[in-house]
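Peer 1: Have a look at this one before I ask anything.
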């Protein structure tokens with residue numbers, strides 16, 4: 004095996020165990036010692052590839068958003084997407100990738116403020132696609148007369164942020180239905196007018 008293949012395998016092994024650790028325990032609850040123990044890795048090997056806990060965490064965040072963006076792009080047609088389809092696809096991704104859901108929710112619940120600039124770079128492509136999808140959805144629907152598209156997008160993104168937290172906190176088997184119910188309430192309200 005070539006050295007470059009060995010390096011790639013070692014990096015992937017470390018990243019796999021780190022992803023599981025960060026998703027399971029969050030940034031604050033995770034440690035490099037636990038990652039090494041989980042993967043039967045030496046600390047020297049880990050430090051050979053990753054400078055510190057922050058660098059390893061950011062690599063996991065990068066994988067999270069790359070995987071989500073790739074999946075959303077493959078499943079959503081921006082010109083025809085509906086709000087229900089958009090959230091169904093996101094929920095399906097999280098159902099198929101429970102560790103991704105946990106890491107995503109941890110990012111929302113417990114943001115690492117000192118890493119926000121780097122996290123922003125990791126999620127830039129995801130945010131761009133997300134914004135394009137939300138704008139496509141909202142452009143097809145009549146908005147309240149006092150609400151601009153920019154304000155609607157801001158409120159919709161806030162709701163998506165809340166939904167990410169809600170999904171993490173409610174691991175019940177009917178979480179997807181509850182999320183859909185919340186979506187309907189967010190879009191159409193509780194009160195008849």
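Residue numbers (the numbering used here): 4 to 196. The C-beta atom is built at its ideal place from N, Cα and C for all residues, glycine as well. Note that the coordinates shown come from a computational prediction; the quantities given were computed from them, not determined experimentally.
#1: For a test of the three-state rule: what should DSSP assign to residue 10, helix, strand or coil?
#2: Using CA coordinates, which residue listed in 53, 161, 28 and 26 is at the minimum distance from residue 11?
#3: For my contact list, residue 140 and residue 84 are in at a C-beta cut-off of 8 Å; report their separation, rounded to the angstrom.
#4: Going by CA-CA distance only, name the one from 142, 118, 158 and 108 that's closest to residue 28.
#5: Hey, how far is the Cα of residue 127 from the Cα of residue 46?
#6: Taking DSSP as the reference, what is the three-state secondary structure of residue 144?
#7: How many Å lie between residue 199 and residue 149 at the Cα?
#8: Rounded to the nearest angstrom, what separates residue 123 and residue 117 at their Cα positions?
#9: Which same chain residues end up closer than 8 Å to residue 17 when comparing Cβ atoms and leaving out the 5 residues on each side of it in sequence?
#10: Along the alpha helix (DSSP H) that carries residue 51, what are the first and last residues, could you check?
#11: Give me the Cα-Cα distance between residue 98 and residue 4, rounded to the nearest whole angstrom.
#12: For residue 20, count neighbouring Cβ atoms within 10 angstroms of its own Cβ and tell me buried if that reaches 16, exposed if not.
#13: Can you list the alpha helix (DSSP H) stretches of 4 or more residues lying completely in the segment 97 to 171, in chain order?
#14: Measure the alpha-carbon distance for residue 87 versus residue 129 and round it to whole angstroms.
Peer 2: Let's see:
#1: Residue state for residue 10 is assigned as helix, using DSSP reduced to three classes.
#2: Of all alpha-carbon atoms in 53, 161, 28 and 26, the one lying nearest the alpha-carbon of residue 11 is that of 53.
#3: That belief holds up - the Cβ atoms of residue 140 and residue 84 are roughly 6 Å apart, short of 8 Å.
#4: Comparing Cα-Cα distances from residue 28 to each of 142, 118, 158 and 108, the minimum goes to 108.
#5: Just so you know, the alpha carbons of residue 127 and residue 46 end up roughly 31 Å apart.
#6: Secondary structure at residue 144: coil, using DSSP grouped into helix, strand and coil.
#7: The structure shown has nothing for residue 199, since the chain only spans 4 to 196.
#8: Our two residues, residue 123 and residue 117, have alpha carbons roughly 11 Å apart in a direct line.
#9: Correct list, in chain order: 38, 42, 44, 48, 49, 52, 53 and 59.
#10: Taken as a continuous stretch (DSSP letters only), the alpha helix (DSSP H) holding residue 51 covers 46 to 52.
#11: If I take the Cα positions, the gap works out to 36 Å.
#12: Around the Cβ of residue 20, a 10 Å sphere holds 16 or more other Cβ atoms; the residue is buried.
#13: DSSP runs (the alpha helix (DSSP H)) wholly in the segment 97 to 171: 101 to 112, 119 to 125 and 127 to 142.
#14: Taking C-alpha positions only, residue 87 is separated from residue 129 by approximately 19 Å.
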